[in-house]
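Novice: Encoded as structure tokens, here's the structure I'll be asking about.
Numbering (this note's numbering), first residue to last: 495 to 816.
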């Protein structure tokens, strides 16, 4: 396994993904894993949960380049999970979202190159594809920064790739814990009955990042093939006796999400369980991705046209397993 003997750093490591990734990484013969985040309380709580001498905690913010330079010393792999993720928070605090999601991405890139980090994977979101909200726009900019960063490494071995996937079941801030919290009221608010979303579990997301870490050459955006779900079906799965209240789409919200646009599809290749969006740079060769097949003309990967769907019963099982 590629992780063996490596020192790994996870930005935003006290979040849902970071904790699940840490648990998985500790199953391997890693040298060390560094949790980089700005919340000392969450780090304290995580330290109580994970009793392993290979874990280190590092207080810092991706906005602080000097702190990243210190944290990246001796690091082999960086998983960049830190971000402002809440759509309304980004809409009403746009400067803060830009500082964290765009300037922070550039800081991670520069620190990784200068410190000789070997591989960097940045976590993205379906909202970065044809964005209509500031969160998606900042993550699209971040994606482009990480892909283009491969042009700046020169003769160094640092490589950057991106993993893009949809809503994560049960992550902090997701609709699942919100619906669970308020179902006792007998009423669940739904923005629109037609709304669909891509759906992935934390375990699946972490495993996909690990798999992509092995596959990456630098410059790819990896997109997993995952099922879609209807938000009304999710409400039925969580609280079948609740009344549905239609409240209207919030600012910056889409009816359906996308992960590959028709334009991106022209330079995307398909595998059995995932897609690879290839970079359009002179340093990239289409031969770099072996075994993938080109997509058909007009292809797009959206949550409403997906071929795989979760039923109410399947959603109920996922929610109960949380």
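For glycine and all other residues, C-beta sits at the position ideal for the given N, C-alpha and C.
Alpha carbon to alpha carbon, how far is residue 767 from residue 707?
Specialist: Each residue's alpha carbon lies about 15 Å from the other.
Novice: Given 8 Å as the limit, is there contact between the region 750 to 759 and the region 606 to 624, that is, 3 or more CB pairs closer than that?
Specialist: Touching, per the Cβ criterion.
Novice: Would you call residue 772 buried or exposed, if buried means 16 or more other Cβ atoms sit within 10 Å of its Cβ?
Specialist: Per the 10 Å Cβ criterion, buried.
Novice: Do residue 519 and residue 503 have their C-beta atoms within less than 8 Å of each other?
Specialist: Contact flag unset, no.
Novice: Can the beta-carbon of residue 813 be found closer than 8 Å to that of residue 732?
Specialist: Yes, the Cβ-Cβ distance between residue 813 and residue 732 is below 8 Å.
Novice: In terms of residue numbering, what span does the beta strand (DSSP E) encompassing residue 789 cover?
Specialist: From DSSP, residue 789 is part of no beta strand (DSSP E); its letter is neither H nor E.
Novice: Measure the CB-CB distance between residue 610 and residue 652 and report whether it falls below 8 Å.
Specialist: A contact, by the Cβ cut-off of 8 Å.
Novice: Taking only runs of the beta strand (DSSP E) that begin and end inside the region 538 to 562, which ones reach a length of at least 3 residues, in chain order?
Specialist: Runs found: 549 to 553.
Novice: Going by Cα to Cα distance, which pick from 675, 517 and 762 is closest to residue 855?
Specialist: A question about residue 855 goes unanswered here, because the residues of the chain that appear run from 495 up to 816.
Novice: Determine whether the beta carbon atoms of residue 470 and residue 554 lie at a separation below 8 Å.
Specialist: The structure shown does not extend to residue 470, since the chain is modelled only from 495 through 816, so no value can be given for it.
Novice: Have a look at 574, 684, 515 and 569 and flag the residue whose alpha-carbon is nearest the alpha-carbon of residue 747.
Specialist: The residue with the shortest Cα to Cα distance from residue 747 is 684.
Novice: Grouping DSSP H, G and I as helix and E and B as strand, with all else coil, what is residue 582?
Specialist: The answer is helix: DSSP assigns residue 582 an H, G or I state.
Novice: Assign residue 535 to one of two classes, buried (16 or more other C-beta atoms within 10 Å of its C-beta) or exposed (fewer than that).
Specialist: Residue 535 comes out exposed.
Novice: Please list the terminal residues of the continuous beta strand (DSSP E) segment that includes residue 752.
Specialist: Looking at the DSSP string, the run of the beta strand (DSSP E) that includes residue 752 is 752 to 754.
Novice: Note down the Cα distance separating residue 582 from residue 573, rounded to an integer number of angstroms.
Specialist: Near 25 Å, if we compare the C-alpha coordinates of residue 573 and residue 582.
Novice: Let me check understanding here. Comparing Cα to Cα, which of 507, 801 and 686 lies closest to residue 527?
Specialist: Checked all of 507, 801 and 686; the closest Cα to residue 527 is 507.
Novice: Go ahead and label residue 615 buried or exposed: buried means 16 or more other beta carbons lie within 10 angstroms of its beta carbon, across all protein chains shown.
Specialist: With 16 or more other Cβ atoms within 10 Å, it is buried.
Novice: Is it the case that the Cβ atoms of residue 612 and residue 676 are separated by a distance below 8 Å?
Specialist: Cβ atoms of residue 612 and residue 676: not closer than 8 Å.
Novice: May I have the straight-line CA-CA distance separating residue 743 from residue 539, to the nearest angstrom?
Specialist: Rounded to the nearest angstrom, the two C-alpha atoms are 36 Å apart.
Novice: Can residue 728 and residue 669 be called in contact, C-beta distance under 8 Å?
Specialist: Yes.
Novice: CB residue 636 to CB residue 595, shorter than 8 Å?
Specialist: Their beta carbons are under 8 Å apart, which means residue 636 touches residue 595 by this criterion.
Novice: How do the region 594 to 608 and the region 627 to 635 stand: do at least 3 beta-carbon pairs fall below 8 Å, yes or no?
Specialist: Yes, since at least three Cβ pairs between the region 594 to 608 and the region 627 to 635 fall closer than 8 Å, the two stretches touch.
Novice: Give the range of the beta strand (DSSP E) segment to which residue 616 is assigned.
Specialist: Counting along the chain, the beta strand (DSSP E) containing residue 616 begins and ends at 613 to 619.
Novice: Buried or exposed for residue 625, going by 16 or more other Cβ atoms inside 10 Å?
Specialist: Its Cβ being crowded by 16 or more others within 10 Å, residue 625 is buried.
Novice: Determine the contact status of residue 712 and residue 659, defining contact as a CB-CB distance below 8 Å.
Specialist: Not in contact: residue 712 and residue 659 (Cβ atoms no closer than 8 Å).
Novice: Provide the residue span of the beta strand (DSSP E) that contains residue 818, from first to last.
Specialist: Any question about residue 818 goes unanswered here, given that the chain covers just 495 to 816.
Novice: Please classify residue 769: is it buried, with 16 or more other beta-carbons within 10 angstroms of its beta-carbon, or exposed?
Specialist: Looking at its Cβ environment, which holds 16 or more other Cβ atoms inside 10 Å, residue 769 is buried.
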